[in-house]
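Chains as they are written, first to last, in my numbering: chain B, 1 to 228; chain P, 1 to 243. All C-beta atoms in this analysis are idealised placements derived from N, C-alpha and C, irrespective of residue type, glycine included. Bear in mind the structure is a predicted one, so any value in this text is a computation, not a measurement.
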Amino acid sequence: MSLTNPSLAAGDAPATVYGALLNDRATVERLAEAFTQPPYKAAPKAPVLYVKPRNTFAGEGAAVAIPSQAGAVRIDATVGAVIGRRATKVSEAQALDYVSGYRVVSDITLPHENYYRPSIQLRCRDRFCPMSEAVPAQGFDLAVATLRVRVNGEQVHERDFTGLVRPLSRLIADVTEFMTLEVGDVLLVGPPEGAPLARPGDRVELEVPGLGKLSHTFVSEGNAGEER
Amino acid sequence: MRQARVVYEGRTLMATPCATGVRLSDGTELREEQVTWLPPAEFGTVFALGLNYADHAKELKFQGAGGTAGVPERTECADRTPPSHASARRTCTFMHYECELAVVIGKTCKKVPARRAYDFRGYTVANDYAIRDYLENWYRPNLRVKNRDACTPLGPWLVDGRCARSDGAAPADLGQRQGHAGRQHPRHDLRRRLPDRVLLRLHDAESRRPDPHRHARRRRRLQAGRRVVTEIEGIGALINTIE
């Protein structure tokens, strides 16, 4: 790994990163009409999840390549809960006991509005999941946290986590009802409505007071500086 | 060359086939039911390719010009010994298995040219279970259907990829016999397409359906106690039991 593309520190890489979609009430309200139309036909019942596989993992300072034909990416700026002990069928009341820490996560995707059968090439490209180091959970309350996104020094987005369809404890309960979360897994609480876009050359900074900052840049694919 | 990983008397050991069943790395020869079978390597991510059979694509009105459809799945790992389908037992009424040829990636690769596409580690067998009771039309196939605990058995053998022929046919002429021509993308083309978009690391297993769609996906009620065998000639028979 070159200095321009630092990976996560040894021992700090998550096991599996899962993301939850449609977890911002504003997004659900915007799409309410589409919920009953084809191809969806019905509103989602279980959490709508996706995987960010390990080729997407990146750390502070990563240079993330955007394919030239795409032009821009969307930054689904969010927070990830780090699982501290194996969680199977966990109750909502006990869910936060299974969280050992949090990460600030820049969940990058090629812009798309299709929630039906999205291709993995949208969300699962190399380094499309820069994450800050995990911060211990003690003393951090997601319910009162804010997240700001700056692109080239200018604030372009601000969100909080009060409008979640499933607050974190409920999300953990509903996910572990059907699948086990393992130690080191990260569960993203979901993209915000109105997530900002970024382009090659941009420098992005995410900040969550109480958790810290995450900075990374975007480059054009083919100009990423590193061949593997 | 084929290898397995087994647990015997509390130890995890590599194993190879022998006349009685398995030969452990310490030389002990045993019958196959004397050991607990693990997946043949510690896999990273399983990428399951969707819509790679022409008849399936046609059924779904899929136009081939799109990307490689697929979903990363968690590797779950019980084979031969009973995987825990416990959560499906009481509530599931509609579950199906899918016999898949899994290609095990041997080294980090990206933008692989077609001529080098067969330079991977080997093959194994996957059974990509789906619990269709929970199918929803959001980010299909949704994780509640596909990513359940122990619902992607892999193994038992990892078979060296070098026995694959240069034209891309799998061992034992699997491709031709099972209707390789029906694939939406030729295999070497897929090898080129997928690494162009994602980075595959050591032991990442890329699952692929070896049978035509209509044979591979049996939609039926699988009862507790049912023994399911997914076998690919020349690769191995993966056996698991529904709990």
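Nearest candidate by alpha-carbon position, reference residue i, set the options
i                 : options                                   : result
Gly201 of chain B : B:Leu211, B:Gly212 and B:Thr217           : B:Thr217
Gln138 of chain B : B:Lys45, B:Gly84 and B:Ala173             : B:Gly84
Glu42 of chain P  : P:Val6, P:Asp26, P:Gln34 and P:Thr28      : P:Val6
Val228 of chain P : P:Val159, P:Glu136, P:Val125 and P:Asp160 : P:Val125
Met1 of chain P   : P:Arg148, P:Thr16, P:Tyr8 and P:Ile232    : P:Thr16
Val165 of chain B : B:Ala46, B:Ala34 and B:Ala134             : B:Ala46
Glu60 of chain B  : B:Tyr102, B:Arg30 and B:Met131            : B:Met131
Ser169 of chain B : B:Arg117, B:Val90 and B:Glu29             : B:Val90
Glu136 of chain P : B:Pro38, B:Thr27, B:Glu29 and B:Pro67     : B:Pro38
Val35 of chain P  : P:Gly21, P:Arg115 and P:Phe120            : P:Gly21
Ala4 of chain P   : P:Gly225, P:Ala117, P:Thr230 and P:Trp157 : P:Trp157
Thr93 of chain P  : P:Val159, P:Pro40, P:Val145 and P:Asp26   : P:Val145
Extent of the continuous alpha helix (DSSP H) to which residue i belongs
i                 : result
Gln121 of chain B : Ile120 to Arg123
Val145 of chain P : Leu143 to Lys146
Residue i versus residue j - alpha carbon distance
i                 : j                 : result
Arg31 of chain P  : Arg23 of chain P  : 9 Å
Ala237 of chain P : Glu98 of chain P  : 13 Å
Tyr98 of chain B  : Ile242 of chain P : 29 Å
Ala102 of chain P : Cys129 of chain B : 26 Å
Arg132 of chain P : Met95 of chain P  : 6 Å
Gly222 of chain B : Ser119 of chain B : 21 Å
Val73 of chain B  : Thr12 of chain P  : 45 Å
Pro111 of chain B : Asn55 of chain B  : 19 Å
Asp128 of chain P : Val156 of chain B : 42 Å
Arg197 of chain P : Gly122 of chain P : The pLDDT assigned to Arg197 of chain P is 29, lower than 50, so where the model puts this residue is not dependable, and the model offers no usable value.
Pro136 of chain B : Asp174 of chain B : 23 Å
Gly184 of chain B : Tyr8 of chain P   : 28 Å
Ser215 of chain B : Pro167 of chain B : 26 Å
Cys109 of chain P : Ala13 of chain B  : 20 Å
Pro212 of chain P : Ala93 of chain B  : Its pLDDT being 39, under 50, Pro212 of chain P is placed unreliably in this model, and the coordinates cannot settle the point.
Leu232 of chain B : Trp138 of chain P : Because residue 232 of chain B is not part of the residues shown, which for chain B are 1 to 228, the question remains open.
Asn23 of chain B  : Gly190 of chain B : 6 Å
Ala170 of chain P : Ile232 of chain P : With a pLDDT of 42 at Ala170 of chain P, under the threshold of 50, the predicted position of this residue should be treated as unreliable, though the coordinate-derived value follows. Whole-angstrom Cα-Cα distance: 10 Å.
Gly106 of chain P : Leu188 of chain B : 30 Å
Arg117 of chain B : Pro192 of chain B : 20 Å
Leu197 of chain B : Ile75 of chain B  : 6 Å
Thr45 of chain P  : Val82 of chain B  : 19 Å
Local Cβ density within 10 Å of residue i, reported as buried at 16 or more and exposed below that
i                 : result
Gly19 of chain B  : buried
Arg203 of chain B : exposed
Ile235 of chain P : buried
Gln121 of chain B : buried
Cys151 of chain P : buried
Val144 of chain B : exposed
Asp107 of chain B : buried
Asn142 of chain P : buried
Residue range of the unbroken beta strand (DSSP E) whose run includes residue i
i                 : result
Asp160 of chain B : Glu154 to Asp160
Where residue i sits in the DSSP three-state scheme
i                 : result
Ala43 of chain B  : coil
Leu202 of chain P : Residue placement at Leu202 of chain P is flagged as unreliable, the pLDDT there being 38, under the threshold of 50; the coordinate-derived value follows with that caveat. Leu202 of chain P: coil per DSSP, three-state reduction.
Arg150 of chain B : strand
Glu207 of chain B : strand
Glu29 of chain B  : helix
Phe178 of chain B : coil
Asn55 of chain B  : helix
Tyr134 of chain P : helix
Glu231 of chain P : strand
Ala173 of chain B : helix
Val90 of chain B  : coil
Arg226 of chain P : coil
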